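In what follows, a structure is listed as structure tokens, so that the remarks can point back to it.
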Amino acid sequence: MESENKIYRELKKRLTTDTYDHGQKLRAEVLREEFACSASTVREILFRLASEGLVHFQDQRGFRVPELSPTKLIELTHMRILLESEGAVLSIRQGGVGWEASLTAAHHKL
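Residues in the sequence shown are numbered consecutively from 37, following this note's numbering.
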């Protein structure tokens, strides 16, 4: 189970850091050999990633990295703006004098 989680984390990292090309086919046999595990383990992990939207699955066609979508990029950008805005608000609320001094110093360096 631990090695399965390790493989899952590695594939998820690759998928979220653009290691694979958009639309690229993920061949279970190649992944099985690379990670030295069973084909069923690879398929289970790929189905898990598909349930999270990180991989697309089609019957008779297998698994693929999702295509780049302008709509998804807009959604992701909007989500990132929301998260960073909330992070800034929390930093301001929880930051002390030292934090404020560091922020001011960084601003002056720019």
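Note that beta-carbon positions come from the ideal geometry of N, C-alpha and C, so glycine has one too. None of these values were measured; they are calculated from a predicted model.
According to DSSP, residue i sits in a beta bridge with which residue or residues?
i           : result
residue 62  : 99
residue 114 : Per DSSP, none; premise fails for residue 114.
residue 93  : 99
Counting along the chain, where does the alpha helix (DSSP H) carrying residue i start and finish?
i           : result
residue 87  : 75-87
residue 137 : 133-145
residue 51  : 38-52
Among the residues of its own chain, which have a CB less than 7 Å from the CB of residue i, if the five just before and after it don't count?
i          : result
residue 60 : 100, 101
Contact criterion: CB-CB distance below 8 Å. Does residue i meet it with respect to chain B?
i          : result
residue 96 : Although the question refers to chain B, the structure presented lacks it and comprises just one protein chain.
Count the other CB atoms, across all protein chains shown, that sit within 10 Å of the CB of residue i; report buried if there are 16 or more and exposed otherwise.
i           : result
residue 128 : exposed
residue 81  : buried
residue 110 : exposed
residue 104 : exposed
residue 146 : exposed
residue 43  : buried
Can you give me the Cβ contacts of residue i inside the same chain, cut-off strictly under 8 Å, excluding the 5 residues immediately before and after it?
i           : result
residue 86  : 92, 93, 99
residue 139 : 131
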